[in-house]
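To convert, count from 1 in the sequence shown and add 14; that's my numbering. The beta carbon of each residue, even a glycine, is placed where N, CA and C say it ideally should be. Here the structure is a predicted model, which means the values were calculated and not measured.
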Amino acid sequence: KIPEKGVPQDSGVQDDTTLYRFLSGKKWNMEVALKQYKDMLKWRTEMKVDSIAKWYEENKEKCDKIQSMYPSEHYGFDKYGRPLLVHRIGAVPAAAFAKAIDIEDFKKYHIYKFEQMMQLCRDQTKKLKKPIYNLSVIVDADGLGFHHRHYKPYFQANAKIDKQNYPEFLYTVKVINAPWVLPTIYSIVKHIIDPNTRDKIDFLSEDYKDVLEKEISPEQIPKAYKGLCEKKIPEAIVVEDDEGLDTESVMMMSSKEFTKHCNDPNGGKFVWLFKLEAYDIDFKVSFKATGSEDWVEVLNESKIEKHEGQYDVKGTGELKLTFDNSYSYMTSKTLKYMLALHSNSGNDEFGASTRKDSKSNIFPLKEQKA
């Protein structure tokens, strides 16, 4: 437990709470924590972190543009006195963001914001006369979709900064308004997130009000999130609609195939999902290893409306999704889908690489044997 004594200094990173964060983040392994701490000091010198506020003022136009497209703000405090952040990840216009924002500028903007929060924690520690050294965060995932893949390099860059230089800076992350695609998206990016941070993420159901109020007073929670605070939640200037999924039609008495290759000899994880606008369809997933002539059946479902799943492979090969509508003589089906690969070497590929349509005038298509 962190000692109650030892009020942090006004600036710098040699205060008790910073040292505590590094030690607790490494399970009190002094040698490992000391190395990480020294690496952090070196990083701060190289990035000129102590003068990051000057960079912000000199690049105010860039920073205002980032803030307008990246709705994340300090909103108040939780019951213990920790700063409360509201981050609307689902409102980030990811494709437009990736075109407009330089990743190095975004990293510096992120550092500036975290340094502000560190100072706020120091101020709270003095004011409340107890150690405040981490943040409470509400993440609003409403609007999150696969168009947010464009934002992944930015998320990955900042996650790396946080893991190395701001350990144990998050107390809790409450994710609300999660869309149906969130589990699949999270399975793609969770390897980026520090394991200690992953343990602090809570995905809340629609009835999240009581959970939030256990740690945050209703007066500090935005009205938009079932609280009493009148302050508006942060907004983005650009809104991207849809869920970032590809749309395809499968004609009556026909089928459609989508394939994705894994070219990493270390293998990787295939991730897919789809949903129909109406009706149902037969769905099959198959995998063929490089050098093999046989398809191995991974999944075979009849007449379903939606599905999401993943499949790990240990080497190179090809995954195939088959949507079979050959049993329907009257109705075409419109589906939204995604097929992605997370390579074990860290290179992600989104979208289907090839597509093949099959049609049958009278007889249903024969299934491919594994």
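According to DSSP, is residue i part of a helix, a strand, or is it coil?
i: I230; result: coil
i: Y180; result: coil
i: S269; result: strand
i: S340; result: coil
i: E315; result: strand
i: L142; result: helix
i: S38; result: helix
i: Y94; result: coil
i: W286; result: strand
i: L55; result: helix
i: V46; result: helix
i: D255; result: Residue placement at D255 is poorly supported in this model, since its pLDDT is 48, which falls under 50; the coordinates still yield a value, given next. Of the three classes helix, strand and coil, the one that applies to D255 here is coil, per DSSP.
i: V264; result: strand
i: L218; result: coil
i: K240; result: coil
i: V195; result: coil
i: D208; result: coil
i: V190; result: The sequence shown places Ile at residue 190, rather than the Val named in the question. The answer is strand: DSSP assigns I190 an E or B state.
i: S86; result: strand
i: L33; result: helix
i: K245; result: coil
i: K334; result: strand
i: L99; result: strand
i: K127; result: helix
i: K76; result: helix
i: K62; result: coil
Taking the continuous beta strand (DSSP E) assigned at residue i, which residues delimit it?
i: Y351; result: K347 to S357
i: V151; result: L149 to D154
i: Y325; result: K320 to V327
i: A10; result: Because the chain is modelled from 15 through 384, residue 10 falls outside the range shown and cannot be assessed.
Would a C-beta distance cut-off of 8 angstroms place residue i and residue j closer than the cut-off?
i: K40; j: Q28; result: no
i: E129; j: I66; result: yes
i: Y165; j: F111; result: yes
i: G329; j: A303; result: yes
i: P236; j: Y89; result: yes
i: P248; j: P97; result: no
i: S316; j: M267; result: no
i: C276; j: G323; result: no
i: S201; j: V106; result: no
i: D338; j: I318; result: no
i: Q178; j: M54; result: yes
i: L134; j: K188; result: no
i: Y126; j: Y70; result: yes
i: K121; j: N172; result: yes
i: K93; j: I215; result: no
i: S150; j: Y185; result: yes
i: L349; j: E262; result: yes
i: K274; j: L218; result: no
i: N280; j: N358; result: yes
i: A114; j: H161; result: no
Applying the criterion that 16 or more other CB atoms from any shown protein chain within 10 Å of the CB defines a buried residue, is residue i buried or exposed?
i: Y147; result: buried
i: D255; result: Note on D255: pLDDT 48, under 50, position unreliable in the model; the coordinate value appears next. So D255 counts as exposed.
i: T31; result: buried
i: V310; result: exposed
i: L333; result: buried
i: D116; result: exposed
i: V253; result: Only weak support is given to the placement of V253: the predicted model assigns it a pLDDT of 48, under 50, and the question is left unresolved by the model.
i: P145; result: buried
i: G104; result: buried
i: G305; result: exposed
i: Y343; result: exposed
i: A292; result: exposed
i: E296; result: For the sequence presented, residue 296 should be read as Asp rather than Glu. D296 should be labelled buried.
i: R163; result: buried
i: R136; result: buried
i: I376; result: Confidence at I376 is low in this model, with a pLDDT of 31, below 50, so the placement of that residue should be treated as unreliable; the coordinate-derived value is given next. I376 comes out exposed.
i: K298; result: buried
i: L242; result: exposed
i: T59; result: exposed
Contact defined as beta carbons within less than 8 angstroms: I believe residue i pairs with residue j. What is the distance between those atoms, to the nearest angstrom?
i: F169; j: I206; result: 7 angstroms
i: L259; j: G159; result: 7 angstroms
i: Y386; j: I190; result: Any question about residue 386 goes unanswered here, given that the chain covers just 15 to 384.
i: L335; j: E271; result: 7 angstroms
i: L196; j: A155; result: 6 angstroms
Verify the CB distance criterion: does residue i have a CB-CB separation below 8 angstroms to chain D?
i: L48; result: Absent from the structure: chain D. Only one protein chain is present.
Go to residue i, then tell me how far its alpha helix (DSSP H) extends in each direction, as first and last residue.
i: F111; result: A108 to A114
i: K68; result: I66 to E72
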